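Have a look at the structure below before the remarks.
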Amino acid sequence: MQIPNLAPIPELFVSYDSAQKLKVEAADLTSWDLSPRQICDLELLMNGGFYPLKGFLTEEDYNGVVDNMRLADGTLWPMPITLDVSEKFADSIEIGQDIALRDQEGVILGTMTVTDRWAPDKSKEAEKVFGADDDAHPAVNYLHNTAGKIYLGGPVTGIQQPVHYDFRARRDTPNELRAHFRKLGWRKVVAFQTRNPLHRAHQELTFRAAKEAQANLLIHPVVGMTKPGDVDHFTRVRCYEAVLDKYPGSTTAMSLLPLAMRMAGPREAVWHGLIRANYGCTHFIVGRDHAGPGSNSQGEDFYGPYDAQELFKQHEEEMGIAMVPFKHMVYVQERAQYEPNDEITDKDDVTILNISGTELRRRLAEGLEIPEWFSFPEVVAELRKTKPPRSKQGFTVFFTGFSGSGKSTIANALMVKLMEMGGRPVTLLDGDIVRKNLSSELGFSKEHRDLNIRRIGYVASEITKNGGIAICAPIAPYATTRRAVREDIEQFGAFIEVHVATSIEECEKRDRKGLYKLAREGKIKEFTGISDPYDVPENPELRVETEGTDVDNCAHQVVLKLESMGLIAGH
Ligand code: PPS
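Note that full-length UniProt numbering has the sequence shown beginning at 1, numbered continuously upward.
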């Protein structure tokens, strides 16, 4: 049943008094610690954002949603909202049992009566919901590699909202927004969904959309979970606040949506529309490639550019929210204004300007100019603060190679060269030093070596995140572990793997610490290169040969590499 956009929408919360009582009772229940994505889902279930859902999907509802985007009773719902858990936890639950749902600090947010428990066919879910069983899709990757094997379903009773300490005044429940629209007399509201910073083209198109629909505008950015690699929401919200001032007074509002996106293109667009209808909006802007996940493992797009608009159109009537198709806006230099690309009739006589997302990232990374016609100076300033040019960002140089290959010596020389240049703090995480200070209890089994490298990776990622230079010099014999560390660090800055490619014969000949002799005699077990494996890096950023090259020259090769990657500014 659709609720008129200004009337209150049902929530799953109990009254304040009941919540206090339930909270005490729920402390004795078996509890499930929610993942960050489940916390986002639960928040929207409880506050009515996912109305008409009353809890995590039952098996019957799930099958309907996966197969034909409908709950068992026929209601349109395109996205499976499921409580995925481990097999161990699922085995410990009886059907009919109540469980407590806790956030990551242990706060009980709600309870759920488990009515259903099943092992889903995840490949089928991937095919049907996301269009392909391909791990290049972030939600399919999540489904196979993060989500638990078993789904639990059943009605939820809400006790309290998840606590947010950031931008509290900018967060609204569906009923708070409905009340706000009621108060302001906004009968028609166009919602704009976004997970990116807004620039002039967005401001122009959203304002035009609102004018066309003769409606007010709600900028409704997602601050729950977006696509990995997106600009963090703290930066984005500061950017949105700057853009908000550019709209004519009292036409536009901004509110933050704690949604965990799935990047499911067409189905996601329908889902977004239903959510915005619950938030009291009457219109929704759907653009080209709405909530697109990027390319699949064959390098092709998962969805056609207008699939989302088509699916939305098919269901528009039933959804109770109208689509405003997004117009592709471009800047016409001669007229100094943005215009919809398909409405420009004199294309041969004018200069059309556009900066793609990739080009914008390049300009930010290299500290190049971003013209005023493209974005607002306040937005650019915010982006520059979070994404300074590469020559001011943190990075990690990760040396790998056999014991005695020369890693530590080259790393030390590099450290001194970088300190001489100044500008960023430099930390050396040498294999031996780390083993003394961070990993003194560890030996050399695969498990312990991995743990050691993950610790080094963690420290290096923190240094990188905070704008410093981390130089690591462990053996790090396993390629999978090096890759995992790379992934941890690349969220924050560059990762430069340097293979110190001294042969095992040369290392043994040098035997600077006398360890190879002991390894040969069997007095040191699991010695890398002698009695333990070493995966030679296949594609390191740099490979240095130390035989016949002095240390200074090896370190200089790294400096040149860093310069060529834009990580240290040229003189
Ligand atoms: S690992 O595999 O990355 O965790 O190793 P790492 O922390 O770099 O430690 C290597 C240093 O420990 C000494 N050592 C051994 N190396 C390899 N295999 C065995 N079994 C071993 N036992 C002790 C060795 O001196 C290494 O120092 P470097 O600086 O690499 O020469």
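Glycine included, every Cβ here is placed at the ideal spot set by N, Cα and C. This structure is a prediction, so every number in the text was calculated from the model and none was measured.
Inclusion of Val397 and Val498 in the CB contact set at 8 Å is warranted, their separation being smaller than that value. Annotation: Phe284 to Gln557 spans about 54 Å, alpha carbon to alpha carbon. With a cut-off of 8 Å on Cβ pairs, the region 425-444 is not in contact with the region 538-553, counting fewer than three such pairs. Each residue's CA atom was taken as its position, placing Thr157 and Ala264 some 28 Å apart.
By the Cβ neighbour-count rule, Arg361 is exposed, with fewer than 16 other Cβ atoms within 10 Å of its own. Here the region 239-247 makes no contact with the region 180-191; the two share fewer than three CB pairs at distances below 8 Å. DSSP places Gln309 inside the alpha helix (DSSP H), whose first and last residues are Asp307 to Met319.
Taken through DSSP and simplified to helix, strand or coil, Asp346 comes out as coil. Inclusion of Val324 and Ala213 in the CB contact set at 8 Å is warranted, their separation being smaller than that value. For the set Phe492, Gly529 and Glu447, the Cα lying nearest the Cα of Glu505 is the one of Gly529. The C-beta separation of Cys472 from Leu515 comes to about 20 Å, leaving the pair out of contact by the 8 Å criterion. If you draw a 10 Å sphere on the C-beta of Ser375, you find 16 or more other C-beta atoms in it, and that means buried.
Within the UniProt domain "ATP-sulfurylase PUA-like" (7-160), the runs of alpha helix (DSSP H) at least 4 residues long that lie entirely inside it are, in chain order, 16-26, 36-46, 59-68, 87-91, 122-125 and 138-145. Taking 7 Å as the cut-off, the C-beta of Thr409 does not count as close to any heavy atom of the ligand PPS. Within the region 537-571, the beta strand (DSSP E) runs of at least 3 residues that lie entirely inside it are, in chain order, 542-544. In the displayed model, Phe399 falls within a strand according to three-state DSSP. Secondary structure remark: continuous alpha helix (DSSP H) runs of at least 4 residues inside the UniProt domain "APS kinase" (393-544), in chain order: 407-421, 431-437, 446-465, 479-490, 504-510 and 515-520.
Nearest to Ile81 by alpha-carbon distance, out of Leu353, Thr173 and Leu259, is Leu259. C-alpha of Phe312 to C-alpha of Ala322: approximately 9 Å in a straight line.
Looking only at Lys436, Arg288, Ile9 and Leu560, the smallest Cα-Cα distance to Ile275 is reached by Ile9.
Exclusion of the five residues before and after Ala210 leaves Val190 and Leu217 as the residues of its chain whose Cβ lies within less than 6 Å of its Cβ. Judged by DSSP secondary structure, Tyr240 falls within the alpha helix (DSSP H) whose first and last residues are His233 to Leu244. For Thr206, the enclosing alpha helix (DSSP H) has its first and last residue at Arg200 to Glu212. Taking 8 Å as the cut-off, the Cβ atoms of Ile489 and Thr464 count as close. When rounded, the separation of the alpha-carbon atoms in Pro36 and Ala169 is 22 Å. If you look at Val379, you'll find it in the alpha helix (DSSP H) that goes Pro377 to Thr386.
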